[in-house]
Each structure stands twice: as C-alpha cells, then as structure tokens.
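I have placed the structure first, in the form of structure tokens, so that the comments after it can refer back to it.
Numbering (my numbering), first residue to last: 591 to 679.
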C-alpha cells in the first residue's frame with residue numbers, strides 16, 4: 591500500500607511541476623509568409639521554401655536524414671539523424 595501511495599504522490603508532483611502555462615516568446619519566424627521544408631526521404635535532405643505559392647527547391651543541402659527543423663533568433667536549425675548532427679543556416 592505504501593508503494594502505491596508513493597507512486598501516486600510521485601505522479602501527482604510530476605504533473606504539478608511539469609505544467610507550465612507560459613509560452614516561449616523567444617521563437618520568432620525567420621520571415622513571415624514563408625514555409626520552410628526539409629525532405630528527408632532521399633539520401634540527403636534539401637531545404638526548400640514556399641513564397642507566394644512558388645516552391646524554391648534545393649535551396650540548401652541540410653545533411654543526411656533530416657528529421658526536425660526549428661527557427662530561432664533568425665537562424666534555421668536542422669537536426670540530422672543520419673550523421674548525428676545539428677546544422678544551422
């Protein structure tokens with residue numbers, strides 16, 4: 591019974607501590623009106639943008655197997671699982 595109570599209290603504390611209602615205001619779009627894409631299906635991914643409905647392909651080679659993209663402080667960060675690195679542009 592003590593073990594169950596300890597688990598319940600631990601989960602309750604985790605829920606209380608992990609909830610944060612504040613938003614991250616430090617992340618700003620690099621350029622409003624653009625969409626940044628990474629294509630990780632090929633051997634190397636490419637960085638593309640969409641401006642006014644026109645796709646600009648292969649803007650930048652981003653590395654092998656890109657799986658995440660983030661924009662912060664005017665830079666685009668790309669996480670690559672193929673060569674285990676983070677690149678920024």
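Idealized CB from N, CA, C, for every residue including glycine.
Whose CA, out of the options, lies closest to the CA of residue i?
i: residue 675; options: 656, 592, 600; result: 656
i: residue 665; options: 598, 679, 648, 597; result: 679
i: residue 628; options: 603, 643, 595, 659; result: 659
i: residue 647; options: 626, 595, 662, 661; result: 626
Taking its Cβ as the centre, do 16 or more other Cβ atoms sit within 10 Å of residue i, making it buried, or is it exposed?
i: residue 668; result: buried
i: residue 652; result: buried
i: residue 630; result: buried
Alpha carbon to alpha carbon, what distance is there between residue j and residue i?
i: residue 598; j: residue 591; result: 11 Å
i: residue 594; j: residue 670; result: 41 Å
i: residue 641; j: residue 600; result: 49 Å
i: residue 639; j: residue 661; result: 13 Å
i: residue 643; j: residue 663; result: 25 Å
i: residue 604; j: residue 596; result: 12 Å
Pick helix, strand or coil for residue i, following the three-state DSSP scheme.
i: residue 638; result: strand
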